[in-house]
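Step one of this worksheet: look at the structure below.
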Amino acid sequence: MIDKKTLEEHNLTPEEYQRIVELIGREPNLTELGIFSLMWSEHCSYKSSKIHLKKLPTTGPQVIQGPGENAGVIDLGEDLAAVFKIESHNHPSFIEPYQGAATGVGGILRDIFTMGARPIALLDSLRFGPLDQTANRVIMEGVVSGISGYGNSIGVPTVGGEVYFHPCYSLNPLVNVFCLGLAPKDKIFYARAGRPGNPVLYVGAKTGRDGIHGATMASAEFDENLEKKRPNVQVGDPFKEKLLLEACLEAMAQGLIIGIQDMGAAGLTCSTTEMAAKSGTGIEINLDLVPQREEGMTPYEIMLSESQERMLLVTTEEKVGQVQAIFAKWDLDAVVIGRVIEGKNLKVWFKGELVVDVPVEAVVNLCPVYHRPWKEPTERGQQILKELPSHPSDFNRVFRQLLASPTIADKEWVFRQYDHMVQINTVFLPGADAAVLRIKGTPQALAVTLDGNSAYCYFNPREGGKIAVAEACRNLACVGARPLGVTNCLNFGNPEKPEIMWEFKEVVEGMAEACRNFNLPITGGNVSFYNETEGNPIYPTPVVGVVGLIDDLKKALRPGFQNQGDLIYLLGPWGESLGASLYLREIVGQEKGPAPRVDLHLEKKIQEFCLEAIHQELLHSAHDISEGGLAVCLAECCFHSESFLGARIALPPEPRPDIALFNEDQSRLIVSLSPEKEKTFLQLAETKEIPLTHLGEVTGQAITITQAGQIIIDLSVAEAYQIWKTSLPNFFKIKS
Amino acid sequence: MKFGVVIFPGSNCDYDTYWVLKEVFHQETLFLWHKDHDLRGIDCVVLPGGFSYGDYLRSGAIARFSPLMQEVREFAARGGLVLGICNGFQVLLELGLLPGAMLRNKNLKFLCQFVHLKINNAETPFTNQGRPGQVLRIPIAHYDGNFYAPPETMEEIKKNNQIVLQYSTSTGETTEEANVNGSLENIAGLINQQGNVLGMMPHPERASEAVLGSQDGRLIFQSIISWLS
Amino acid sequence: MKIRVLVSFKESVLDPQGQTVKNALHSLGYDFVKDVRQGKVFELEIDDLPREQLEVKIPEIADKVLANPIIEKFEWEILE
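Residue numbers (the numbering used here), protein chains in the order written: chain A, 1 to 736; chain B, 1001 to 1229; chain C, 2001 to 2080.
Okay, structure coming up:
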């Protein structure tokens, strides 16, 4: 009955099928095959990535829950815990940008409130192809409105993130969504079934034929048959999810829930089997009791549906009535559809027949693990900048071009479509190095940032992996936050290609090294493979989300200059290479390496110095040097000042000005301080052995950069700001 | 004095408003559930921001039918103070307690940003701590805030001095550019003829604590408190 | 039976969504499009009612719930 074609449609290999037959001791029926195909898909099983993900550090005294649950949990001291995770929704967002992005937000929110936490912030890492192509603009506009439509409605602020542009994301956009929640430390909920006899309740939206095979879709490359895949995309209902959120949190607060699991990418299949597997029990459900939106649904369709805004929860017999009363208050159904049972099987009944009877362990944990072959690509070595590009004749022009580059330009066009203030915790509006959220009733604040540079990873995935972690932590250091935990979203091409597998292995090992350096645990995340369109993979794109704590919010620092006459310092080295820089790629027009390298020892020293200087209140501003180099960083410090403060700085005789201004070497930031604090600042730097340079001072209304008395760049802040501010909206102007 | 913050399904600024009234202004504050029939002796009802019923039909269109809103209607008729913020303003328009309607923002995008507001009428229970022409800096966050009313209604509104707050520049000029969402007469806040029901699109609860970047929203709450005491 | 109710902005009210669609059509070269008004369609599945009752009930529903009479107008028809 199960032929080759059916197997192919389920993305299962003949060997995997053989294994299923052995595990269940017979041929599976179609529904059972569907269940295995979902749970053994790359998306759910991590079968290609598992052996490498094991290398990541996941423990630490602050870790309450590491990988393996809906989200990671970190102890914040006192009685609070931070619950957070990042997840990709790349493939659905390509097929239908609005709904793809919206349901991505819906999914990550459920991951957080399933754990018992109230979601308090969303951030997104978005990557698109160049905006001069209509298709990319359409995708971006759809994705941004999708995020806005869902997040704004449910009332969780979207407080930051990043938006990058590169041709490798043309027709393969990345939408990585991060959510942070807060929970009482002693009230964290997990996906577990508890004891046999416990009733299993289905809550939330009705089941329809949405997204059948979404999880397997996320595990296959795109081709020209895109149109055919469109029906797979689910439609989000943020209003329903808001009700679900409130009802779940209320039931949890009243101690009515034993275990709970979101019906995410693999719907009823995933939630039933994972909860049972974690408790070492069986589970039995009757599909006739599942609320259905469409008529004539088959067991296969009900088990594999990815309808959104649904949860499965387990309670005890005597509490069923109370749970149902709470859901009824929020106009939601809570239906008992089955029970936890003795034994270790998933049993599914449909119209009086047992249509599924498989061991949950086989479904959840016995998927084959692949040691996929990897091979370093040879051609990358040849893509190294051999000789320096010619020296620009007009630095002002280059500077203007850089400020207008969509990756660097102001993202207000994006952020003002998001409600970034609801819940009244947002202290730093989007645009700072990290989002800062107060914790009500305490002097503390949480800081969150997302980071990752795929160009670095393309030329040197190991360094790129390290830099993603290092830079995210540096972003936190700039606002004055100590990092506590990391979540990562690893976006790559087809892992069956040895070059891609090599990229993946290198990135993961680099991240692991950096995390160990900062004593930082990775508490979860997501792997997204098969990001290829017509055989062209994206650059390796790890996105790192780091959550940190600011002990005294009053000391938190912003990137903008504060006062005329303040001194401007460069912390860290001058840097020496233009390799993999945005300047080289977009202005010179050469996509060449090598990628910057990061000295993790120096990086840690500089971050600790920055935190100490902030703690001692020596600084007025701090801003990380990243894309566009020192010149762009300096401009941003001026833009973020209250009244367009200018800056005058001098470059040293070496390196060449283009290198000094635009290189993206690591471990560097620009800080400003009042002259009275300079002595203490320098003493502290000396004891900590921090390389630094006095660049100049905050003065006037222009950005003036000189070398040996010669003016290199001289541009009024107002003009530079205008270029930076209007670049992105200009791409989206309604033409009349 | 006692404040009541209404929770509709889909309200999402309910806790924010409650926090500000209770923790910042130390007022006795209750949540009122949309299905209830009793205002429990409150002196001022606040309809908070959010997306009641998902705003799937029109913003505020379904919330107006909830049992509690029938109580609010009577409460308002008796002269009780009603403040509608953002979605609350939209509910008051749908309910007919305020004249006019909301269209989509002129740029067709959701807008979340700080705006400047000129106080046009400082003799209301909601603005009595301000002075005419005073400029406040308070954030907006909405999709449908583009106020519209037919010409005859606009005549009435102006004649009765019902325009309380207007989108303006930082110096108080009500220019076209400052009119972020395209509202008629730059209307950001509107009061009923009796002067006890105010709807405003900006969120004063988001600008009531120094840590959030502005405390100009306090003026609205302080005015209510001083009016009631 | 099935009733279709069409809700759209009154002529006197600016319809920015419709304007945007018109501009998009023009930019794609469909210059013959003179104006676009955007609206909403509701399809109601209802108990069979005699015509005279429909004449009362449907406008009532449209006026009270489906449309905001300050800015919107409606039309309705019997589909089947």
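C-beta atoms are modelled at their ideal positions from N, C-alpha and C, and glycine is treated no differently.
Quiz item: So the alpha helix (DSSP H) A:Val-507 belongs to, where does it begin and stop?
Solution: 498–517
Quiz item: Of all Cβ atoms in chain B, is any one closer than 8 Å to the Cβ of C:Gln-2038?
Solution: no
Exercise. Quick one: measure Cβ to Cβ for A:Ala-481 and A:Val-544, integer angstroms, because I've assumed they're closer than 8 Å.
Key: Not really, about 15 Å apart at Cβ, beyond 8 Å.
Quiz item: Excluding five sequence neighbours on each side, which residues of the same chain lie with their C-beta closer than 8 Å to the C-beta of A:Glu-227?
Solution: In this prediction, A:Glu-227 scores a pLDDT of 46, lower than 50, which makes its location untrustworthy; no coordinate-derived value is stated.
Exercise. Taking A:Tyr-418 as the query, report the chain B residues whose CB atoms sit under 8 Å from its CB, ordered along the chain.
Key: Phe-1110, Cys-1112
Practice problem: Please report how far the alpha carbon of B:Leu-1228 lies from the alpha carbon of B:Val-1211, in whole angstroms. | Solution: Answer to the nearest angstrom: the Cα atoms are 28 Å apart.
Practice problem: Check each residue of the segment 1197–1221 of chain B: if its Cβ is closer than 7 Å to any Cβ of chain A, include it; give the result in chain order. | Solution: Glu-1205, Arg-1206, Val-1211, Leu-1212
Quiz item: For B:Gly-1182, which residues in chain A fall below 7 Å Cβ to Cβ?
Solution: The contacting residues do not exist; B:Gly-1182 stays about 14 Å from chain A at best.
Quiz item: Taking Cβ positions only, does B:Gly-1010 come closer than 8 Å to chain A?
Solution: yes
Practice problem: Take every Cβ of the segment 485–499 of chain A, pair it with every Cβ of the segment 531–546 of chain A, and state whether three or more of those distances are shorter than 8 Å. | Solution: yes
Quiz prompt | Beta-bridge partners of B:Asp-1038, as assigned by DSSP | solution = Partner(s): none; B:Asp-1038 has no beta bridge.
Quiz item: Within 10 angstroms of its Cβ, does A:His-623 collect 16 or more other Cβ (buried), or is it exposed?
Solution: buried
Quiz item: Checking contacts by CB at 8 Å: is B:Gly-1088 closer than that to chain A?
Solution: Judged by the 8 Å Cβ criterion, B:Gly-1088 is not in contact with chain A.
Quiz item: So, do the segment 84–104 of chain A and the segment 161–178 of chain A have three or more beta carbon pairs nearer to each other than 8 Å?
Solution: yes
Quiz item: Under a Cβ-count criterion, where at least 16 other Cβ atoms within 10 Å of its own Cβ denotes burial, should A:Met-303 be classed as buried or exposed?
Solution: buried
Quiz item: For the segment 1038–1055 of chain B, which residues have a CB atom closer than 8 Å to at least one CB atom of chain A, in sequence order?
Solution: Legend: CB atoms of the segment 1038–1055 of chain B lying less than 8 Å from CB atoms of chain A belong to residues Gly-1049, Gly-1050, Phe-1051, Tyr-1053, Gly-1054, Asp-1055.
Exercise. Report the option in B:Tyr-1015, B:His-1142, B:Arg-1104, B:Glu-1023 whose CA atom is closest to the CA atom of B:Phe-1031.
Key: B:Tyr-1015
Practice problem: Give me the Cβ distance between A:Leu-256 and A:Val-323, rounded to the nearest whole Å; I'm assuming they're in contact under 8 Å. | Solution: 5 Å
Quiz item: CA-CA distance, A:Tyr-458 and A:Glu-496?
Solution: 18 Å
Quiz item: Does the beta carbon of C:Trp-2076 come closer than 8 Å to any beta carbon on chain B?
Solution: no
Exercise. Along the alpha helix (DSSP H) that carries C:Pro-2059, what are the first and last residues, could you check?
Key: 2051–2061
Exercise. Give the straight-line distance between the Cα atoms of B:Gly-1189 and B:Glu-1074, rounded to the nearest whole angstrom.
Key: 22 Å
Quiz prompt | Cβ pair count under 8 Å reaching 3, the segment 429–444 of chain A against the segment 548–562 of chain A | solution = yes
Exercise. Could you name each continuous alpha helix (DSSP H) segment of 4 residues or more that falls completely within the segment 89–173 of chain A, going from the start of the chain to the end?
Key: Assignment of alpha helix (DSSP H) within the segment 89–173 of chain A, counting only whole runs of 4 or more residues, yields 90–95, 97–113, 134–154 in chain order.
Practice problem: Starting from B:Gly-1084, follow the beta strand (DSSP E) in both directions and report where the run begins and ends. | Solution: 1081–1085
Quiz prompt | Start and end residues, alpha helix (DSSP H) containing A:Leu-602 | solution = 600–615
Quiz item: Which value, in whole angstroms, describes the spacing of the CA atoms of C:Val-2065 and A:Arg-137?
Solution: Whole-angstrom Cα-Cα distance: 36 Å.
Practice problem: Assign A:Gly-66 to one of three DSSP states: helix, strand, or coil. | Solution: coil
Exercise. Just grab the DSSP bridge partners of B:Gly-1199 for me.
Key: B:Gly-1084, B:Leu-1190
Practice problem: Specify, as a first and last residue, the run of the alpha helix (DSSP H) that C:Asp-2048 falls within. | Solution: From DSSP, C:Asp-2048 is part of no alpha helix (DSSP H); its letter is neither H nor E.
Exercise. Helix, strand or coil for B:Ser-1168, going by three-state DSSP, please let me know.
Key: strand
Quiz item: Per DSSP, A:Phe-178 forms a beta bridge with which residues?
Solution: A:Ile-86, A:Leu-123
Quiz item: Going along the chain, which residues of the segment 406–437 of chain A sit with their C-beta nearer than 7 Å to a C-beta in chain B?
Solution: Arg-416, Gln-417, Tyr-418, Asp-419, His-420, Met-421, Val-422, Gln-423, Ile-424, Val-427
Quiz item: For A:Pro-461, which three-state DSSP category applies?
Solution: Correct three-state label for A:Pro-461: helix.
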